[in-house]
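**Student:** The first sequence runs 19 to 513 under the working numbering.
From the three backbone atoms N, C-alpha and C, an ideal C-beta is built for every residue, glycine too.
Here the structure is a predicted model, which is why all the values come from computation and not from measurement.
Sharing a structure, written as structure tokens. Questions coming.
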Amino acid sequence: MGGVRTALYAYLFAKKNGGDFLLRIEDTDQNRFVPGAEDYIIEALRWCGIHIDEGVSVGGPHAPYRQSERKEKYRQYALQLIESGHAYYAFDTAEELEQQRKSAEEKKQTFAYGSATRMNLKNSLTLSADETQKLLDDDVPHVIRLKVPADETIVFTDLIRGEVQFNSSLVDDKVLLKSDGMPTYHLAHIVDDYQMEITHAIRGEEWLPSAPAHILTYQYLNWKDKMPQYAHLPLLLKPDGKGKLSKRDGDRLGFPVFPLEWKDPFSGEISSGYREKGYYHEAFINMLAMLGWNPGTEQELFTMDELVQAFSFDHVHKAGARFDPEKAVWYNAQWLQRQSDDDMAERLSKSVQQQFKLADSHRCLQKSYLKECVRLLKPRIQFEQEMIAKGEYLFVAPTEYDSAVVSKRWKPTLQPFFSSLLSAWEEVKTFDAAEAEQTFKHTSEKNNLKPGEVLQLTRVFVSGQAQGVDLFPMIALLGKAEVIQRMNTALSRMS
RNA sequence: GGCCCGUUCGUCUAGGGGUUAGGACAUCUCCCUUUCACGGAGGAAACACGAGUUCGAUUCUCGUACGGGCUACCA
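What follows is the structure in structure tokens.
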């Protein structure tokens, strides 16, 4: 969800300003490669209606769009930085660094590879040129680190937060190029943003602390005038408790965290998706857009086009947004009411056939019949698939009758009333809702019964359930023959 | 711990030196409905705290508290 929202804001901003939306795969960590993840991202964006102008899956002038396929483009810039004195080789092993962290921790301090410590470590700044060259010639594993100066103030303007300041002494010497030859995100995104002519880098707030290192890198590469504008988005927080929204929260609280269902290829674990849960993509997008952004008006239902028109970073909130699953449901219900009856009837047709195995010629599968079902069911559901569960009696006769209503209302003395009701209905020429209701009322009056005394029973006899769609329109839809047959079945069960 | 970001009803948020602090979700009451919903009306519900600036601070500044993020050869 968080990733989709970030992509959505980037997309909205791009489209609002006549720009392009690019999809680049930042797969520089080979240990974290997940089969299927890339296709998943593409499919998720497609479902959301976020169109990729350029990037993986569609190509474009800046190809390739996978960082793993751009590997050779990065090294030269790391070397350039060494050349200009803004980066250096470091030969410290993982174990050595771990040891540094441990001993710092014992002194209740934090180890950072930076201006305060680098001169005590094993790197091209502390080693002689010959020693360094020897290590390089011997293929001793090494990384290239950014040389962050001490005590400089780094200032930049964030599109959401305004001016942000950092003291460079607190910024560590970030690894630019890893010992496997791959760049880190810190180097790769800068080289790519520059080469791909990115104007705006929109990312989560978790990147804010490393932004000064990025600013410095642009500066040292002499690309400062081409540096994109940064926007650090507030995070999505758990519905309850503390911290940012995570996959586990969905499992725990019973809502999807992923746009599409995702099966972890390693563990086989399945995480539910909004799409599979029956959310409309419009509702999902609408809901996500409103989490941290507002239009400045009181409108809350937006199509993608309307979002594009309305979007601006001026109205992105600074604080993290706690996700509310109930509001997501509400958005879906709103979008459900906006669906066309024809489209819903079309989809209902398919699920009815699948669910009840009706013959193609069955009257319940006629368009007019299904459309009326949709009209009756629509106001009382939040998800389209509920039409089957909540409207089952519209397609098949009940086999059981709500026992609470029956035991409360049914008396054998009511038998004569129902007999005359059925006869009266039999006589009705145009069996529509109004006629069925009139006849019902007349008959109950003639039998000295208040309609309320027998109305619920009638509903239960016809539908089996105590709750449901409006009774007389339902009866009219089912048709005279079906209703009378159902009533007779029910009545015989009563005696 | 250090650094950075943040803080308006339970939640998402509007607003911004002088307002009855507005809307939405959720919740409660009533109306509609002889079902359940939808819909309508109404209620309860918030400016974290302390200083300072000011005639006046929810709004500006500082501090405190609290929350979040970062603190990897992950992104």
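Just tell me which of 208, 231, 246 has its CA closest to the CA of residue 184.
**Tutor:** Considering only alpha carbons, the answer is 231.
**Student:** So the candidates are 427, 202, 454, 474; which of them puts its Cα closest to the Cα of residue 49?
**Tutor:** For residue 49, the nearest C-alpha among the options comes from 202.
**Student:** From 105, 43, 95, 93, pick the residue whose C-alpha is nearest to that of residue 77; which is it?
**Tutor:** Cα-wise, what sits closest to residue 77 is 43.
**Student:** Please work out which residues of its chain come closer than 6 Å, Cβ to Cβ, to residue 41, disregarding the five sequence neighbours upstream and downstream, and give them in chain order.
**Tutor:** Cβ neighbours of residue 41 beyond the five flanking positions: 70, 73, 74.
**Student:** Pull up the DSSP beta-bridge partners for residue 276, would you.
**Tutor:** Answer is 291, bridged to residue 276.
**Student:** Measure from the alpha carbon of residue 3 to the alpha carbon of each residue in 405, 59, 234, then state which is nearest.
**Tutor:** Since the first residue of the chain shown is 19 and the last is 513, residue 3 is not available in this structure.
**Student:** So, helix, strand or coil for residue 144, using DSSP?
**Tutor:** Looking at residue 144 - three-state DSSP - the assignment turns out to be coil, as it is neither helix nor strand.
**Student:** On the three-state DSSP scale, how would you describe residue 224?
**Tutor:** Correct three-state label for residue 224: helix.
**Student:** Does DSSP put residue 163 in a helix, in a strand, or in coil?
**Tutor:** Strand, per DSSP.
**Student:** For residue 273 and residue 159, which I take to be in contact (beta-carbon distance under 8 Å), what is that distance rounded to the nearest angstrom?
**Tutor:** Actually they do not touch by this definition, with Cβ atoms about 45 Å apart.
**Student:** Between which two residues does the beta strand (DSSP E) carrying residue 185 extend?
**Tutor:** Residue 185 -> beta strand (DSSP E) spans 180 to 185.
**Student:** Tell me whether residue 232 sits in a helix, a strand or coil according to DSSP, three-state version.
**Tutor:** DSSP places residue 232 in helix when its eight states are reduced to three.
**Student:** Check whether the Cβ atoms of residue 355 and residue 406 lie closer than 7 Å to each other.
**Tutor:** No; because the gap between Cβ atoms is not below 7 Å, this pair is not in contact.
**Student:** If you draw a straight line from the C-alpha of residue 386 to the C-alpha of residue 409, how long is it?
**Tutor:** If I take the Cα positions, the gap works out to 16 Å.
**Student:** In this structure, does DSSP put residue 250 in helix, strand or coil?
**Tutor:** DSSP places residue 250 in strand when its eight states are reduced to three.
**Student:** Taking C-beta to C-beta, are residue 329 and residue 177 nearer than 7 Å?
**Tutor:** No, Cβ-Cβ distance for residue 329 and residue 177 is not below 7 Å.
**Student:** Going by the CB atoms, is the gap between residue 206 and residue 98 shorter than 7 Å?
**Tutor:** Contact flag unset, no.
**Student:** Tell me whether residue 88 is buried or exposed, calling it buried when 16 or more other Cβ atoms sit within 10 Å of its Cβ.
**Tutor:** The residue is buried, with at least 16 neighbouring Cβ atoms inside 10 Å.
**Student:** When the Cα of residue 340 is compared with those of 79, 216, 256, which residue comes out closest?
**Tutor:** When each option's Cα is compared against that of residue 340, the closest is 256.
**Student:** Roughly how many whole angstroms lie between the Cα atoms of residue 63 and residue 20?
**Tutor:** Computed Cα separation, rounded: 13 Å.
**Student:** Quick check on residue 384: buried or exposed, where buried means 16 or more other Cβ atoms within 10 Å of its Cβ?
**Tutor:** It counts as exposed.
**Student:** Would you identify the three-state DSSP class for residue 201, choosing helix, strand or coil?
**Tutor:** Three-state DSSP puts residue 201 in a strand.
**Student:** Give the secondary structure of residue 423 by DSSP, where H, G and I count as helix, E and B as strand, and everything else as coil.
**Tutor:** In the structure shown, residue 423 sits in a helix (DSSP, three-state: H, G or I).
**Student:** Taking a contact to mean a Cβ-Cβ separation below 7 Å, would you say residue 317 touches residue 351 in this structure?
**Tutor:** Contact: no.
**Student:** What is the rounded straight-line gap between the Cα of residue 478 and the Cα of residue 380?
**Tutor:** Computed Cα separation, rounded: 24 Å.
**Student:** Could you check what DSSP says for residue 174 in three-state terms: helix, strand or coil?
**Tutor:** Three-state result, residue 174: strand.
**Student:** Return the CA-CA distance between residue 333 and residue 24, expressed in angstroms with no decimal places.
**Tutor:** Their Cα atoms are separated by approximately 15 Å.
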